[in-house]
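Please read the structure below before turning to the comments.
Number of protein chains: 2
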Amino acid sequence: MAKVKVAVLASGRGSNFKAIQEHIKAGRCDAEIKVLITNNPDAPAISIAKDNKIPVEIIDKSGFPDREKMDERIKELLDRYGAELVVLAGYMLILKGRKLLESYKNRIINIHPALLPAFPGATAQKDAFEYGVKVSGVTIHFVDESLDAGPIIYQEAVDISDCKSAEETAAKILKTEHKAYAKVVDSFSKGHYAVEGRRARFVPSS
Amino acid sequence: MAKVKVAVLASGRGSNFKAIQEHIKAGRCDAEIKVLITNNPDAPAISIAKDNKIPVEIIDKSGFPDREKMDERIKELLDRYGAELVVLAGYMLILKGRKLLESYKNRIINIHPALLPAFPGATAQKDAFEYGVKVSGVTIHFVDESLDAGPIIYQEAVDISDCKSAEETAAKILKTEHKAYAKVVDSFSKGHYAVEGRRARFVPSS
Chain A
0 MAKVKVAVLA SGRGSNFKAI QEHIKAGRCD AEIKVLITNN PDAPAISIAK
50 DNKIPVEIID KSGFPDREKM DERIKELLDR YGAELVVLAG YMLILKGRKL
100 LESYKNRIIN IHPALLPAFP GATAQKDAFE YGVKVSGVTI HFVDESLDAG
150 PIIYQEAVDI SDCKSAEETA AKILKTEHKA YAKVVDSFSK GHYAVEGRRA
200 RFVPSS
Chain B
0 MAKVKVAVLA SGRGSNFKAI QEHIKAGRCD AEIKVLITNN PDAPAISIAK
50 DNKIPVEIID KSGFPDREKM DERIKELLDR YGAELVVLAG YMLILKGRKL
100 LESYKNRIIN IHPALLPAFP GATAQKDAFE YGVKVSGVTI HFVDESLDAG
150 PIIYQEAVDI SDCKSAEETA AKILKTEHKA YAKVVDSFSK GHYAVEGRRA
200 RFVPSS
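Chains as they are written, first to last, in numbering that gives the first Met the number 0: chain A, 0 to 205; chain B, 0 to 205.
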């Protein structure tokens with residue numbers, strides 16, 4: 000099987016980026032990260048890229064008249080690096096560029112630390128803990144113009160009934176995120192996802 | 000341990016009622032169902048009760064001026080049969096009586112065929128299937144004045160990624176419902192649930 004060519008977008012620590020790269024190095028994820036694109040020149044993710052000799056592209060929001068133009072620049076970079084799959088790993092801006100979303104339709108994925116549609120938004124683990132759910136989890140979904148509501152590729156439940164705080168909940172879910180994201184990235188080297196209505200179904204390469 | 004004295008409220012087929020009764024007979028659920036209360040004189044649940052020599056009380060909504068009075072009648076029956084735990088098993092009316100809800104606070108439980116707060120309401124399995132989630136499940140929660148939003152006692156995930164229809168989804172979740180509900184009813188013979196904020200925590204009897 001050919002390795003899937005991946006671009007990672009991250010704004011912060013990039014712990015999922017790091018986890019995927021480690022799975023790749025361990026031979027458990029048939030992918031090659033061609034570029035890290037970040038909007039944050041101070042993102043710790045940058046040093047992970049440098050440690051692994053992955054090119055880094057920094058995009059400064061202030062250099063663009065609007066988000067449409069900024070996302071066009073992202074699209075140009077994805078094209079240039081030959082990205083087949085775009086992996087959001089803590090990218091804190093919502094992708095809004097129409098050209099980007101159309102050109103990379105069903106090729107941009109995000110991970111969310113809850114079982115969507117429960118607990119969307121930026122404080123999912125805290126929200127789940129405070130709601131008192133016993134089961135939360137991880138959702139990996141395609142990114143479209145909606146917020147946290149693109150077609151779901153993969154979900155995994157995490158038992159949080161013993162968690163004593165929002166922080167403990169987040170830490171437990173993060174462990175599942177790291178494995179799940181690498182597994183899903185790997186799946187793109189072995190097939191694709193057919194999206195019918197809102198339902199995504201894996202179709203292995205023949 | 001003493002058996003927990005249960006009243007079941009059902010309006011329809013009562014498949015969860017039947018499952019709990021079977022677990023009791025098999026010695027896997029330390030409970031005794033003292034009465035079936037139904038608002039539907041044609042409910043198939045009635046014959047399950049009769050087969051098991053469980054008294055049946057039929058409450059006709061039209062016989063009461065309002066729901067407050069009807070729920071007062073339910074409270075009287077619960078008191079008379081000495082119910083320690085009230086189990087809703089497909090009871091299609093929302094409990095609204097203030098006296099009933101206060102007197103039996105944290106002693107009325109309901110089962111919902113989804114991982115709340117995702118997919119509340121009467122068509123949870125269909126909604127989950129159509130949304131395209133890969134993981135749904137079962138929630139058992141205390142009943143309060145809210146709809147499907149009382150403190151959660153128990154949740155169990157069900158992988159529905161292979162389900163091909165809403166019906167298949169419902170059937171798969173129902174199997175988990177039957178086991179989970181009997182397990183939670185049994186837990187009330189071994190302790191109680193402390194509710195702090197929205198979070199419910201099992202406290203074993205000393």
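Yeah, the Cβ is synthetic: ideal placement off N, Cα and C, and Gly gets one too.
Ranked by Cα distance from I32 of chain A, the options A:G26, A:N38, A:Q20 are led by A:Q20. In the displayed model, T175 of chain A falls within a helix according to three-state DSSP. Residue pairing of Y192 of chain A in beta bridges, as defined by DSSP: A:F201. Ranked by Cα distance from A82 of chain B, the options B:R97, B:N105, B:M69, B:P64 are led by B:N105. The three-state secondary structure of V86 of chain B, taken from DSSP, is strand.
A distance below 8 Å separates the beta carbons of G89 of chain A and G11 of chain A.
Between I152 of chain A and F141 of chain A, the C-beta spacing is below 8 Å. The C-beta of K133 of chain A comes closer than 8 Å to at least one C-beta of chain B. In the displayed model, T168 of chain A falls within a helix according to three-state DSSP. With contacts defined as CB atoms closer than 8 Å, G96 of chain A and E75 of chain A fail to qualify as a contacting pair. Three or more Cβ pairs closer than 8 Å define a contact, and the stretch 186-197 of chain B meets that threshold against the stretch 124-133 of chain A. Residue burial is scored here from C-beta neighbours: D126 of chain B has at least 16 other C-beta atoms within 10 angstroms and is therefore classed as buried. Considering only A:P116, A:L87, A:G136, A:T37, the residue with the shortest C-alpha distance to V157 of chain A is A:G136. The beta-bridge partner set that DSSP reports for H140 of chain A consists of A:N109, A:I151. Contact of G136 of chain B with chain A is assigned, a C-beta pair being separated by under 8 Å.
Under DSSP, E56 of chain A forms a beta bridge with A:I36.
About 6 Å separates the beta carbons of L77 of chain A and V85 of chain A, which is inside the 8 Å limit, making them a contact pair.
Residues of the stretch 138-153 of chain B that bring their beta carbon within less than 7 Å of a beta carbon in chain A comprise P150, I151, Y153, in sequence order. Counting along the chain, K163 of chain B sits inside no beta strand (DSSP E), nor does DSSP assign it H or E at all. Residues of chain A whose Cβ lies closer than 7 Å to the Cβ of Y130 of chain B are, in chain order, P116, R197.
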